[in-house]
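J.: Numbering of the sequence shown is given in UniProt numbering, commencing with residue 1 and proceeding in unit increments.
Backbone N, C-alpha and C fix where the C-beta goes; we use that ideal spot for every residue, glycine too.
Computed from a prediction, not measured in an experiment: that's the story for all the values here.
Handing you a structure now.
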Amino acid sequence: MYSLEELYDEVTVIQGGTTYEGRNILGVNINRNPGQNPGIFIESQIHANEWITSGSTTWIINKLLTATTAEPEIKNLADNINWYIFPIINVDGYEYTRNVYRMWRKTRSQQGLICNGVDPNRNWDVYWEKGGIGSSANMCDGTFAGPEAFSEIETKSLSEYILSLADNLNFYIGFHSAANMLLFPWGHTNNPSPYYPQFMEIATATVNALHARHGTNYTYGPVYSTIYPTTGISADWVHYALGIPGFTYEFRNMNTATGEYYGALAPPEEIQPNAEEVLDSLVVLVQKATENGYGKMGKNGVVLIFICILATIVSCEKARFDNYRVFTVGVDSEDQIKVLLDLERMSSSGYDFWTSPTKIGRSVDIMVPPHKSAEFEEVMTTYQFATTLKVENVQELIDNEQPKFRARDGEFGWTQYHTIEEIYAWLDLMLEQYSNVLTPINAGNSYEGQPIRGVLLSYREGNPAVFIESNTHAREWITSATATYILNEFLTSTDPDIRRIAQNYDWYIFPIYNPDGFRFTHENNRMWRKTRSRHGLICKETYAGPEVFSEPETRQIADFVLQHANHIKLYLSFHSYGQLLLYPWCYKSEPADNFDDLVRIGTATYDRLKEIHGTEYTVESAFDLYICTGSSIDWVYGEAGIKLGFTYEFRDTGRYGFILPADQIIPNAIEILQSIIAMLDESDSLVHTEDRFDKMGKIGVVLTFVCILATIVSCEKARFDDYRVFTVRVDSEDQLKVLRELESVSSSSYDFWTSPTKIGRSVDIMVPPHKSAEFEEVMTTYQFATTLKVENVQELIDNEQPKFRARDGEFGWTQYHTLEEIYAWLDLMLEQYSTVLTPIDAGNSFEGLPIRGVLLSYREGNPAVFIESNTHAREWITSATATYVLNEFLTSTDPDIRRIAESYDWYIFPNVNPDGFRFSHENNRMWRKTRSRNGLTYAGPQGFSEPETRQLADFILDHVNHIKVFLSFHSYSQLLLYPWSYTAERADNYDDLHQIGVVTGDRLKELYDTEYTIQSSYELYISTGTSVDWTYGQAGIRIGYTYEFRDTGRYGFILPADQIIPNAVEVLQSMIAMLDECENLGYMTL
């Protein structure tokens, strides 16, 4: 490019930005008539692996500069267009594809500890959402959209450069490969751009011209419907921000002449024919664009210019809403819902959706600014909406909202709405007057530094608590007015019912959850809804933030709630308007665990609401109203474990909406307070006890795993050719963090055979061949010491079973058996030993398979031992060992074996994960989990979400007085672990557990010199939701151990079948020693 600048006067090298690794994003400006030519911007190779784009771009640059009068159309392009052409936008990524990994797509920025890069064509600030359609929220995925819009220096600096050219640009073109397409906006929605007819006309002519050269066929149309829905793409952003057309070429993916397909890996000989047909098409594109007004005639207006900053800057002039009208819009079809949803998503539309479009039959209230009236009417007519004018002039409602005569300064009451200063001053007065029962709370500070203040009202120790959150949405003034009224009644009322609930419960009350926004509604913009943090040009009222708990307000309140989660039994969220009482869930249609109770409580609350003033509320799950994520009620229910949570949407149903006159504060507050009394009384009548299956803990936020492809049962069995297993030593906290993050990212493709737990403990990782270079880079970057443990995993699998398998119907312990073979053997044993064996069916798996076990009992009155096996599907050695142990109990003549077989009852479940076990035999030998749709070590959406664990737990609880020892069989590592796993705190009988473990370990070593490590699970790794912790802590079984069988990594989960019997023999002998020591310590008496 610099040589071109020297050769041609019309060429200037330009810099569009810089990269993460410090390189310049260079392009050329070709302009033979400065100040006269319309401008076209070409962006190329924004995806690093699309080499043909920069190859074709440089060919086109050369052709523009060298075209003679013999090629008049091309020379005309060079003479009469002001070209801004960037051959390689993603310079760092391109370098990486040349030197490390050819298929790399993204930038090279550091994302977390072990992931690199963001998809630069999902990172533009246009309908950007973390994990939005067509992109991923997973940092290691190829389409990761970034932690926020314009997080990448490449996209941010390039966008700033483009904005600096705004007056010079008439058209924007992006070069990609490889799908044979010409695309135009939009990507985020199926609704057409206002300029759809013009774009279709341009595209039709362009692809016809492209076809003429070599016969290459392109399809064309909007991104959303032609290739796939997506957000955050450059062409949409340009159309969105500058109002000019943004077209995207997806270059050819095959040799048109021969039909040879090459996809994204175009050979060099394809550069010239591809570039020739693209240049031909550009000639026609420019002609058609000019005809449609995008050339010298200038741009036909700005399509969608978003100037949110002006809307959010605090000015001296208060926003007014003169002649803004509110319409109720009927929704009678899916198409109408789509139109309204799209209109709502577009922050630039100017419409304020007072209620959201949710489903057919539910009307929507929309505030329409006067300059949008004609457009609104056109949309309503086009899509045949039925509309009703609800508010003629919003400003009149605002002007009449407060009473004509306000209280004097310092007076506080409920005949008017108060400012934040007045509310906080009143709180201070109450804290002073009622200091014996009121405690101040400062949950933290808002974005603008204001305190988030609340109070705790407590008349006596030991009360369960109710939490009230209010004015989350700034414009909903009725909510803080109601919250303060209720607090005042709790302090001053003599009504017996009010006194009863005031004194029998503790009350956490936060009148203003969103202090910045609330103040802004009083001082600047009455209709403001959100917090006041800055998020680029994102104006959507329902913008969820760049990440979970991005806002200090929500993060700090959440921290406070978690700190008091054991105290809080009921969570109430005050909102307006709609006259609704909503309970979880909001994000999914699946009923909450205690759905019936929530409905019953909601109905009792509704009845009381109606009693007072005849106010009709609708009671339903939030999902029935609208699908939403990130709501406080869902979070406190699902994450904080508070099982009673309701959202009130106060008066009215739209006559006043958010601008409820102050004379309705007291009537609203009275009916709400009375309804809370009914809610608490009904809750008490249901005698809510602690959940039977209490969660042992939670592991923060689990990454969203896109596992569907991995879980679909296919006819082809997964193979692991050239997959290698490395032992990785952990010598520092940084190394531990890197491995933990690598393990947590499902898309990383690494399979952690053992988990990173602490410094000094090595980790075994299976590495797929396509990840070898990346793995080596991570290991080198963070200075890990590695040892190759397994050269080829598939060879282990191929050699796992004996060369000569038993005949059908024969069962033994020289090979691993399928689920069907194990169950058939159980049936045979039940038939042959019917006097001592009883079948158990604990329930069915996710896929409907029975979870089968047996009870072995030689005499009544025996204490029992419970054995669970093959919880993790790929640990075949565990079910083989469990069946061997059962067979020995039935057939052995060894005195010690006979003694424990007959002195104890035995609940033995050879396979508690039948779906996964069958899948590991038929499809994927390395499968670990159940077969519900989740991630590799995903703990489930909630405790006992899986039918397998829930039903087994039910069975254990039904027999808990019988069971004295719980054993969980796993592999591998040669460990014997006891509680706890989730806390460093020692189990109550820690010394006994350790002593029994040592005796067991000694016996394990006696036979084959197999060394086991004896310790609490926590000392190995921190985990929650383990069966041994649950049986110890919740079921009260005081002796519980997890065996991690052979070996220490040479074979790992793929232990050869010739080790089944040696492993089973030493485990059985160790159980004899374990039970004898339990007897000595007095644990085996009923």
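(1) Taking the beta strand (DSSP E) that residue 610 falls in, what are its first and last residues?
(2) Going by DSSP, which residues form a beta bridge with residue 136?
(3) Given a cut-off of 8 Å, decide if residue 245 and residue 184 are closer than it, judged by their beta-carbon atoms.
(4) On a CA-only basis, which of 238, 633, 14, 251 is nearest residue 227? Give me that one, please.
(5) Output needed for residue 81: all residues of its chain with C-beta closer than 6 Å, excluding positions within five of it in sequence on either side, in chain order.
(6) Would you please state the rounded distance, in angstroms, between the beta carbons of residue 188 and residue 127? I believe it to be under 8 Å.
(7) According to the neighbour-count rule (16 or more other Cβ atoms, all chains shown, within 10 Å of its Cβ), is residue 202 buried or exposed?
(8) I need the boundaries of the beta strand (DSSP E) containing residue 442, first residue and last residue.
(9) Could you tell me which uninterrupted beta strand (DSSP E) segments, each at least 3 residues in length, are contained entirely in the stretch 860-926, listed from first to last along the chain?
(10) Between the C-alpha atoms of residue 1025 and residue 966, what's the straight-line distance to the nearest angstrom?
(11) With hydrogens ignored, establish whether the beta-carbon of residue 239 is closer than 7 Å to any heavy atom of the ligand COA.
(12) Nearest to residue 760 by CA position, among 1020, 74, 644, is which residue?
(13) How should residue 882 be labelled, buried or exposed, when 16 other C-beta atoms within 10 angstroms of its C-beta is the threshold for buried?
(14) Could you spell out where the alpha helix (DSSP H) holding residue 75 opens and where it closes?
(15) Taking the alpha-carbon positions, what's the residue 448 to residue 376 distance?
(16) Let me know the secondary structure DSSP gives residue 116 once reduced to three states.
(17) Step through the CB atoms of chain D and report whether any lies within less than 8 Å of the CB of residue 533.
(18) Residue range of the beta strand (DSSP E) that residue 574 falls in?
(19) Cutting at 6 Å between CB atoms, please list the residues of its own chain near residue 275, excluding the five before and the five after it.
(20) Excluding the 5 residues preceding and the 5 following residue 1027 in the sequence, name in chain order all residues of the same chain whose CB lies nearer than 6 Å to its CB.
(21) According to DSSP, is residue 1091 helix, strand or coil?
(22) Check for me: the alpha helix (DSSP H) holding residue 775 runs from which residue to which?
(23) With DSSP as the reference, please indicate the residues paired to residue 797 in a beta bridge.
(24) Kindly give me the distance between the Cβ atoms of residue 477 and residue 417, rounded to whole angstroms, as I take these residues to be in contact under 8 Å.
(25) Comparing C-alpha positions only, which one of 1077, 85, 51, 44 sits nearest to residue 1089?
(26) Which two residues bound the contiguous alpha helix (DSSP H) that contains residue 560?
(27) Going by beta-carbon coordinates alone, are residue 21 and residue 119 separated by less than 8 Å?
(28) Alpha carbon to alpha carbon, how far is residue 1088 from residue 483?
(29) Buried or exposed for residue 1085, please, with buried defined as at least 16 other CB atoms from any protein chain shown within 10 angstroms of its CB.
(30) Out of 123, 278, 814, 963, which one is the CA nearest neighbour of residue 868?
(31) Quick one: using the 10 Å Cβ neighbour count with 16 as the cut-off for buried, is residue 689 buried or exposed?
(32) Which partner residues does residue 785 have in the DSSP bridge list?
(33) Classify residue 672 as buried or exposed, calling it buried when 16 or more other Cβ atoms lie within 10 Å of its own Cβ.
(34) Go through its chain and collect everything with a Cβ distance to residue 10's Cβ below 7 Å, but skip five positions before and after it.
(35) Kindly indicate which residue of 496, 457, 26 has the alpha-carbon position closest to the one of residue 488.
(36) Can you name, in chain order, every residue of its own chain whose Cβ lies under 8 Å from the Cβ of residue 733, other than the five neighbours on each side?
T.: This is what the structure holds:
(1) No beta strand (DSSP E) holds residue 610; the alpha helix (DSSP H) holding it covers 595-613.
(2) 144
(3) yes
(4) 251
(5) 37, 40
(6) 4 Å
(7) buried
(8) Per DSSP, residue 442 is one residue of the beta strand (DSSP E) stretching across 438-445.
(9) 864-868, 905-909
(10) The straight-line gap from Cα to Cα measures roughly 15 Å.
(11) You won't find the ligand COA in this model; it holds no ligand whatsoever.
(12) 1020
(13) buried
(14) 72-80
(15) Rounded to the nearest angstrom, the two C-alpha atoms are 36 Å apart.
(16) strand
(17) Absent from the structure: chain D. Only one protein chain is present.
(18) 568-576
(19) 56, 59, 60
(20) 968
(21) Here the chain has residues from 1 to 1086 only, and residue 1091 is not among them.
(22) 772-781
(23) For residue 797, which the question treats as bridged, DSSP gives no partner whatsoever.
(24) 5 Å
(25) Residue numbering for the chain in the displayed model covers 1 to 1086; residue 1089 lies beyond these limits and cannot be assessed.
(26) 552-563
(27) no
(28) This structure gives no information on residue 1088, because the portion of the chain shown stretches from 1 to 1086.
(29) Classified as exposed, residue 1085 has fewer than 16 neighbouring CB atoms from the shown chains inside 10 Å of its CB.
(30) Minimum Cα distance to residue 868 is reached at 963.
(31) For residue 689, the predicted structure reports a pLDDT of 33, less than 50, and the residue's modelled location is therefore unreliable. The matter cannot be settled from this model.
(32) 729
(33) buried
(34) Excluding positions up to five away in sequence, the list reads 30, 31, 32.
(35) 457
(36) 759
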